[in-house]
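Heads up: the sequence shown runs through residues 9 to 300, numbered per this note's numbering.
Each residue gets a CB set at the ideal place from its N, CA and C atoms; glycine is no exception.
The structure appears right after this line, and notes come after that.
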Amino acid sequence: MKKYKKVYVEITNVCNLKCDFCPETRRKAEFMSVATFEQILDQIKPFTDHLYLHVKGEPLLHPHLGCMLDISYDKGFKVNITTNGVLINQAAELLIQKPAVRQINFSLHSFDGNQNTISKDEYIDSILRFSTRAILESTIIIALRLWNLDEALSTEDQRIRNLAIIHKIEETFELRDKIQSNLSEAKSFKLGDRIFLQQDHEFKWPDLKEREDDYKGSCWGLRNQVAILVDGTVVPCCLDGDGMISLGNIHDSKFSDIISGKRAEAIRMGFCNQQVVEELCRKCGYRKRFSK
């Protein structure tokens, strides 16, 4: 049985947008080499079948994405891509033709922080056009994400905030049941075969400057997921965007040794026993979603 449901491999930490919800990384800007990517896949293969090509950064920017998808397919991986969608017109043909691609998540809330750089209509229309095509021409699963809800706002305010995008989605997929009327009833709506709208509250990336939580709680980090940053640093989960909890580096040690090391085991066993041992984890609000 595979150990992890998800292994995040950050093929680049470079992004083409500057969103309010996603602080810029303090790490050096890099693109992972194809050789390093292949080395990583060989080492993680015994532990997972599912790759997620991000932590920070926009994966569609990578100049060798097509080659990486081919390598992933040849080695038996199913690839999940999370993108802001700005480059979807340029990448559409490549993504649809690559059988390794299992799912594409579009962060539609990326528009909130970039209204002066991209046209909202053009942005949403291009993503919806691709989504429609992907459903017809491939087996790709599409998730349209609106993770920009504010817990301080009423349900009515939330409806207004995303009104234009929701109307476009309703028109494109000719929905019988209106999304708005179900906003408070579910976080995920099936729009059609293999396509979903996911709505959720905005989350904050964990930061050592934030107020520390108590030591109680759990998370999926190192229990069903782990992440490898663009420089090879292995971290417990996809929210350690600056590599604060470095468990080791793939260039210096074997992946199998890193995830069975003392620090990694302390984190994993802590979560299994409702104990949060790392300071950054105690300052992460996202893990609280798992205890709701």
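query: Using only alpha-carbon positions, find the residue among Arg153, Ala100 and Phe45 that is nearest to Arg137.; result: Ala100
query: Taking Thr140 as part of the alpha helix (DSSP H), name the residues at either end of that continuous run.; result: Lys128 to Glu145
query: Between the Cα of Leu311 and the Cα atoms of Arg231, Glu210, Ile266 and Arg219, which residue gives the shortest distance?; result: Any property of residue 311 remains undetermined from this structure, which presents the chain solely from 9 to 300.
query: Going straight from the alpha carbon of Asp57 to that of Ser80, what length do you get?; result: 10 Å
query: Need the endpoints of the beta strand (DSSP E) that Arg219 sits in, please.; result: Looking at the DSSP string, Arg219 is not in any beta strand (DSSP E), and its letter there is neither H nor E.
query: Let me know the alpha helix (DSSP H) ranges lying completely inside the segment 11–91, each 4 residues or longer, listed in chain order.; result: 42–52 and 73–82
query: Got a sec? Which residues, its chain only, sit under 7 Å from Ile96 by beta carbon, not counting five neighbours each side?; result: Ser134, Ile135 and Phe138
query: Please identify the residue among Ala172, Ala274, Arg202 and Arg295 whose C-alpha is closest to the C-alpha of Cys227.; result: Arg295
query: Nearest CA to the CA of Asp82: which residue from Phe114, Leu216 and Leu49?; result: Leu49
query: In chain order, what residues of the same chain lie with their CB nearer than 6 Å to the CB of Lys198, ignoring the 5 residues before and after it?; result: Phe204
query: Which of helix, strand or coil does DSSP assign to His175?; result: helix
query: Could you have a look at Ser115 and say whether DSSP puts it in helix, strand or coil?; result: strand
query: Looking at C-alpha atoms only, which residue of Gly240, Gly278 and Leu247 is the closest neighbour of Phe39?; result: Gly240
query: Under the rule that 16 or more other beta-carbon atoms within 10 Å means buried, what is Tyr131, buried or exposed?; result: buried
query: Considering Cα atoms alone, identify which of Tyr60, Val285, Lys36 and Leu102 is closest to Tyr12.; result: Tyr60
query: In this structure, does DSSP put Asp208 in helix, strand or coil?; result: strand
query: So, are the CB atoms of Asn24 and Val94 less than 8 Å apart?; result: yes
query: If you draw a straight line from the alpha carbon of Met277 to that of Ile267, how long is it in whole angstroms?; result: 12 Å
query: Tell me which residue opens and which closes the beta strand (DSSP E) that Gly200 is part of.; result: Ser196 to Gly200
query: Give the DSSP bridge partners of Ile266, in chain order.; result: Ile266 is not bridged to any residue.
query: At which residues does the alpha helix (DSSP H) containing Ala379 begin and terminate?; result: Here the chain comprises residues numbered 9 to 300, so residue 379 is not present and cannot be evaluated.
query: So, helix, strand or coil for Ile275, using DSSP?; result: helix
query: Can you give me the Cβ contacts of Gly74 inside the same chain, cut-off strictly under 6 Å, excluding the 5 residues immediately before and after it?; result: Leu102
query: For the putative contact between Ile236 and Pro244, defined by C-beta atoms under 8 Å, what is the C-beta separation to the nearest angstrom?; result: The Cβ separation is near 11 Å, so there is no contact.
query: Between the C-alpha atoms of Glu46 and Leu171, what's the straight-line distance to the nearest angstrom?; result: 43 Å
query: What are the boundary residues of the alpha helix (DSSP H) that Cys292 is part of?; result: No alpha helix (DSSP H) contains Cys292, which DSSP labels as neither H nor E.
query: Look at the Cβ atom of Pro67, then the Cβ atom of Ile89, and state whether they are nearer than 8 Å.; result: yes
query: Starting from Arg153, follow its DSSP beta bridges and name the residues at the other end.; result: Ser115 and Gln206
query: Does the distance from the CB of Thr91 to the CB of Thr140 come in under 8 Å?; result: no
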